[in-house]
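Quick notes on the structure that follows.
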Amino acid sequence: MIKLFKMVHLFHYISPLVMMRSFPRIFPDILQGNFKPDYYLKHIQKDLRLAISMGDTANHPTPMAAAANEVYKRAKALDQSDNDMSAVYRAYIH
Numbered sequence: 058m059i060k061l062f063k064m065v066h067l068f069h070y071i072s073p074l075v076m077m078r079s080f081p082r083i084f085p086d087i088l089q090g091n092f093k094p095d096y097y098l099k100h101i102q103k104d105l106r107l108a109i110s111m112g113d114t115a116n117h118p119t120p121m122a123a124a125a126n127e128v129y130k131r132a133k134a135l136d137q138s139d140n141d142m143s144a145v146y147r148a149y150i151h
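What follows is the structure, encoded as structure tokens:
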């Protein structure tokens, strides 16, 4: 787990606040397969859909939201909707 934490820390675009507060709490759960929801994956995907829809209404592109939405849709297709948002990684290990 320490190696994984150090590897993620190399990505300088990650907020220091996220590194200090979220990752130390989330990583052990991910590695142990514990995806008890703090915030459901299905709700994030719904919010992404709403953001994309708002962008469409305003004729404003939302490429990052659209890309993230595709990842969350894949995770939902793998029956991860009622898990924590950290379960999204499962979209790419299958």
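Each residue of the sequence shown is one higher than the last, beginning at 58 in this note's numbering. Idealized CB from N, CA, C, for every residue including glycine.
query, result
"On a CA-only basis, which of PRO118, MET142, PRO94 and GLY90 is nearest VAL128? Give me that one, please.", "MET142"
"Going by beta carbon distance, what residues of the same chain come within less than 7 angstroms of ALA125, once the five residues before and after it are set aside?", "LEU105"
"Quick check on DSSP: helix, strand or coil for TYR129?", "helix"
"Apart from the five residues on each side of it in sequence, which residues of its chain come closer than 7 angstroms, Cβ to Cβ, to ALA123?", "ILE109"
"Closest by CA to LYS133, which one among MET111, LEU98, PRO94 and ASP86?", "LEU98"
"Where do the N-terminal and C-terminal ends of the alpha helix (DSSP H) with ILE101 fall, by residue?", "98 to 114"
"Pick helix, strand or coil for ASP141, following the three-state DSSP scheme.", "strand"
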